[in-house]
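J.: In the UniProt record's numbering, the protein residues as written are 1 to 413.
Sharing a structure below in structure tokens format, with a few things to ask.
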Amino acid sequence: MDGWMDGWMEKHCFFSIHVTNKKSRTYSVRLYAQGRKTGMRLITAENTKSRFAHRSQRFHLDLPLCSGLLALSIIGLIVLYSASGQDLQFVARHGARVGMAFLLMVAVAQITPHLFFYWTPWLYLLGILLLILVLTVGETGGGAQRWLHLGIVDFQPSEMVKVIVLMMIARFLVDKALPPRVHHVIGALLLALVPTVLVAWEPDLGTASIILCAGGFVIFFAGIGWRFALTIGGIATACAPFLWFLMMHDYQRQRILTLFNPEQDPLGAGYHIIQSKIAIGSGGPFGKGWLNGTQSQLDFIPQRATDFVFSVLSEEFGLLGIGILFTLYLFVIFRGLYLVLNTQELFGRLFGGGLIMTFFLYVFINIGMVSGLLPVVGVPLPLISYGGSSLITLLVAFGILMSVYTHRRLLSN
Numbered sequence: 001m002d003g004w005m006d007g008w009m010e011k012h013c014f015f016s017i018h019v020t021n022k023k024s025r026t027y028s029v030r031l032y033a034q035g036r037k038t039g040m041r042l043i044t045a046e047n048t049k050s051r052f053a054h055r056s057q058r059f060h061l062d063l064p065l066c067s068g069l070l071a072l073s074i075i076g077l078i079v080l081y082s083a084s085g086q087d088l089q090f091v092a093r094h095g096a097r098v099g100m101a102f103l104l105m106v107a108v109a110q111i112t113p114h115l116f117f118y119w120t121p122w123l124y125l126l127g128i129l130l131l132i133l134v135l136t137v138g139e140t141g142g143g144a145q146r147w148l149h150l151g152i153v154d155f156q157p158s159e160m161v162k163v164i165v166l167m168m169i170a171r172f173l174v175d176k177a178l179p180p181r182v183h184h185v186i187g188a189l190l191l192a193l194v195p196t197v198l199v200a201w202e203p204d205l206g207t208a209s210i211i212l213c214a215g216g217f218v219i220f221f222a223g224i225g226w227r228f229a230l231t232i233g234g235i236a237t238a239c240a241p242f243l244w245f246l247m248m249h250d251y252q253r254q255r256i257l258t259l260f261n262p263e264q265d266p267l268g269a270g271y272h273i274i275q276s277k278i279a280i281g282s283g284g285p286f287g288k289g290w291l292n293g294t295q296s297q298l299d300f301i302p303q304r305a306t307d308f309v310f311s312v313l314s315e316e317f318g319l320l321g322i323g324i325l326f327t328l329y330l331f332v333i334f335r336g337l338y339l340v341l342n343t344q345e346l347f348g349r350l351f352g353g354g355l356i357m358t359f360f361l362y363v364f365i366n367i368g369m370v371s372g373l374l375p376v377v378g379v380p381l382p383l384i385s386y387g388g389s390s391l392i393t394l395l396v397a398f399g400i401l402m403s404v405y406t407h408r409r410l411l412s413n
């Protein structure tokens, strides 16, 4: 019938109208007449975007976001080769983790958002259980008990919990009236406080602070008022003495005090900050060249492959390299916000908004730390620093964001 109708309209069609909407989707409409009957019929609806874009949506991936994440990961491999002293095995191990992380991101993006919504409470309970296991049977390193030994690898559950807290608070608030009421905000904060306290006991105050802030970001995106937010901030400030005297260790307090005058102990507590600032400042506009950084190649920069990798990049690539890195980070952040704003499900919006703000917080804390603006708290530079748990968790989280966005696009189309 459709074939006969198409042939009939080709003979009796007055004219065709082609309309292209903002999403580059073209619709063809034909006006026809038969006796006294007239009408209009939609004939075709074809997308003028490339087949490549079609395939990316079919695999539930956002190509611009994937490109930004991949570019940052490649820069990370280049810088780590220099930071490791040209150790190919070191870089190969990290490259394998990068490949695994991207494969997991693609796999997670195929899962429908409804499954994430359903499994979130169970993932939250699993995360709490893993944090308790860390405190009881976890591996100790660097004065902290943060890892679980899983066969041939060591896993840091606190990295996974950052994402789970975002999902759990988003799920908790999604069926509540927005903006959330006071008791709903208190409930959401308690969901973030439980893992925060467990991580702080490891002790890992930097990660604990990020977990608490991540929960706060989701609450903020739910529409909390500025007055309420300032009230919570005031309460947190009032609790600072309790945190300083009862929860912080001596070395953590020393890190904060050293921030104000690192030159007071240049060979001890202030050594990290002083050497890092020398490396960043000596890079100049264009840097000293790849593999030619004196501070990094002569082992003056401590932990140069992990927390202080930004110092290596700044010394060898200079202001130009810093500008490229910042541009890529801003691209990922703004592209992520675009996905969040174009996501129809409230769960996806709350989770995505919290994720992007947490990603920004990662970058801000690490760069502020190595620049001497913030105390050294052991926060890696996203997608650049060496490490598996943080890298895999972050890309899996972006996979969830792309799942929420692309499944929404599929349904709308």
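C-beta atoms are modelled at their ideal positions from N, C-alpha and C, and glycine is treated no differently.
Mind checking Leu-320: buried by the 16 CB within 10 Å criterion, or exposed?
T.: The residue labelled residue 320 in the question sits at position 320 within the sequence shown. By the neighbour-count rule (16 or more Cβ atoms within 10 Å), Leu-320 is not buried but exposed.
J.: Is it right to say Leu-381 is buried, meaning 16 or more other beta carbons lie within 10 angstroms of its own, or is it exposed?
T.: Taking the first residue of the sequence shown as position 1, residue 381 is located at position 381. So Leu-381 ends up on the buried side.
J.: Give the range of the beta strand (DSSP E) segment to which Leu-155 is assigned.
T.: Locating residue 155 in the sequence shown gives position 155, where the first residue counts as 1. It is worth fixing the name first, because residue 155 is Phe in this sequence and not Leu. Phe-155 -> beta strand (DSSP E) spans 153-155.
J.: For Glu-316, I'd like the list of residues in its chain whose CB is within less than 8 Å of its CB, leaving aside the five on either flank, ordered along the chain.
T.: Taking the first residue of the sequence shown as 1, we reach residue 316 at position 316. Around Glu-316: Val-79, Ser-82, Gly-283, Gly-287, Lys-288, Gly-289, Trp-290, Leu-291, Asn-292, Gly-293 and Ser-296.
J.: Taking 9 Å as the cut-off, decide whether the C-beta atoms of Leu-133 and Leu-150 are in contact.
T.: What you label residue 133 is simply residue 133 of the sequence shown in a count that begins at 1. What you label residue 150 is simply residue 150 of the sequence shown in a count that begins at 1. No.
J.: Which ranges would you report for the alpha helix (DSSP H) in the region 327-386 if only whole runs of at least 4 residues count?
T.: Those alpha helix (DSSP H) runs which fall completely within the region 327-386 and span 4+ residues are 346-370.
J.: With the cut-off set at 9 Å, would you say Ile-392 and Phe-351 are in Cβ contact?
T.: Counted from its first residue, the sequence shown places residue 392 at position 392. Counted from its first residue, the sequence shown places residue 351 at position 351. Cβ distance not < 9 Å, so Ile-392 and Phe-351 don't count as in contact.
J.: Can you check which of these residues, Val-153, Lys-277, Leu-346 and Leu-198, is closest to Gln-145 by C-alpha distance?
T.: Locating residue 145 in the sequence shown gives position 145, counting from the first residue. Taking only the C-alpha atoms, the option nearest Gln-145 is Leu-198.
J.: By Cβ distance, which residues of its chain are closer than 6 Å to Ala-170, with the 5 residues on each side in sequence left out?
T.: Residue numbering aside, residue 170 sits at position 170 when the sequence shown is read from its first letter. Taken in chain order, the residues that qualify are Val-218, Phe-347, Leu-350 and Phe-351.
J.: For Gln-86 and Phe-360, I'd like the C-alpha separation in whole angstroms.
T.: The residue labelled residue 86 in the question sits at position 86 within the sequence shown. The residue labelled residue 360 in the question sits at position 360 within the sequence shown. So the alpha carbons of these two residues sit roughly 30 Å apart.
J.: At 4 residues or longer, what runs of the alpha helix (DSSP H) sit wholly inside the region 202-269?
T.: The region 202-269 contains these whole alpha helix (DSSP H) runs: 205-221, 226-238 and 250-260.
J.: DSSP has Ala-178 in a bridge; who is on the other side?
T.: Residue mapping note: residue 178 aligns to position 178 of the sequence shown, counting from 1. The sequence as given places Leu at residue 178; Ala does not occur at that position. Partner(s): none; Leu-178 has no beta bridge.
J.: What residue range does the alpha helix (DSSP H) around Lys-277 cover?
T.: For the purposes of this step, residue 277 is taken as residue 277 along the sequence shown, with counting starting at 1. Its alpha helix (DSSP H) spans residues 271-282.
J.: So what does DSSP say about Leu-31, is it helix, strand or coil?
T.: For this step, residue 31 is matched to residue 31 along the sequence shown. Its pLDDT being 49, under 50, Leu-31 is placed unreliably in this model, and the coordinates cannot settle the point.
J.: Could you round the C-beta distance between Leu-189 and Ala-222 to whole angstroms and report it? I think they count as a contact, below 8 Å.
T.: In the sequence shown, the residue the question calls residue 189 occupies position 189. In the sequence shown, the residue the question calls residue 222 occupies position 222. Rounded, the Cβ-Cβ distance is 12 Å, inconsistent with contact.
J.: If Pro-195 and Ile-128 are in contact, beta carbons under 8 Å, what's the gap, nearest whole angstrom?
T.: Position 195 of the sequence shown, counted from the start, is the residue given in the question as residue 195. Position 128 of the sequence shown, counted from the start, is the residue given in the question as residue 128. Yes, Pro-195 and Ile-128 are in contact; Cβ-Cβ is about 6 Å, under 8 Å.
J.: Would you tell me roughly how many angstroms separate the C-alpha atoms of Leu-339 and Leu-125, rounded to the nearest one?
T.: The residue you call residue 339 lines up with position 339 of the sequence shown. The residue you call residue 125 lines up with position 125 of the sequence shown. Going by the C-alpha atoms only, they are around 28 Å apart.
J.: Where Val-163 and Ser-389 are concerned, what is the direct C-alpha to C-alpha distance, given to the nearest angstrom?
T.: Within the sequence shown, the letter at position 163 stands for residue 163. Within the sequence shown, the letter at position 389 stands for residue 389. Those two C-alpha atoms are separated by around 12 Å.
J.: Would you kindly work out how many angstroms separate the C-alpha atoms of Met-40 and Cys-66, rounded to a whole number?
T.: Locating residue 40 in the sequence shown gives position 40, counting from the first residue. Locating residue 66 in the sequence shown gives position 66, counting from the first residue. Low confidence applies to Met-40: its pLDDT is 47, below 50, so where it sits in the model is not reliable, and the reading given next is rough at best. So the two alpha carbons sit approximately 41 Å from each other.
J.: Return the bridge partner residues of Gln-145 from the DSSP annotation.
T.: Along the sequence shown, read from residue 1 onward, the residue named residue 145 stands at position 145. Answer by DSSP bridge pairing, in chain order: Thr-140.
J.: Roughly how many whole angstroms lie between the Cα atoms of His-94 and Phe-155?
T.: Here residue 94 is taken as the residue at index 94 of the sequence shown, counted from 1. Here residue 155 is taken as the residue at index 155 of the sequence shown, counted from 1. Looking at the two C-alpha atoms, the distance is approximately 15 Å.
J.: Grab me the residues of Val-396's own chain with a C-beta within less than 8 Å of its C-beta, minus the 5 sequence neighbours each way, in chain order.
T.: What you label residue 396 is simply residue 396 of the sequence shown in a count that begins at 1. Contacts found: Ala-101, Leu-104, Met-105, Val-108 and Val-163.
J.: Which first and last residues belong to the alpha helix (DSSP H) in which Ala-107 is found?
T.: Residue mapping note: residue 107 aligns to position 107 of the sequence shown, counting from 1. Segment 88-109, the alpha helix (DSSP H) holding Ala-107.
J.: Please report how far the alpha carbon of Asn-47 lies from the alpha carbon of Leu-70, in whole angstroms.
T.: Residue mapping note: residue 47 aligns to position 47 of the sequence shown, counting from 1. Residue mapping note: residue 70 aligns to position 70 of the sequence shown, counting from 1. Caution applies to Asn-47, whose pLDDT of 45 falls short of 50 and renders its modelled position unreliable; the model cannot decide the point.
J.: Using 9 Å as the threshold, is the C-beta distance between Ile-224 and Pro-266 below it?
T.: Translated into the one-based positions of the sequence shown, residue 224 becomes position 224. Translated into the one-based positions of the sequence shown, residue 266 becomes position 266. No.
J.: Does DSSP classify Leu-191 as helix, strand or coil?
T.: Looking up residue 191 in the sequence shown gives position 191. Leu-191: helix per DSSP, three-state reduction.
J.: If you compare alpha carbons, which of Lys-277, Leu-374, Ser-84 and Val-332 is closest to Arg-253?
T.: Counting from 1 along the sequence shown, the entry for residue 253 is found at position 253. Among Lys-277, Leu-374, Ser-84 and Val-332, the Cα nearest to that of Arg-253 is on Leu-374.
J.: In the DSSP assignment, what are the bridge partners of Leu-150?
T.: Position 150 of the sequence shown holds residue 150. Answer is Val-153, bridged to Leu-150.
J.: Report the three-state DSSP secondary structure of Ala-200 (helix, strand or coil).
T.: Translated into the one-based positions of the sequence shown, residue 200 becomes position 200. Helix at Ala-200.
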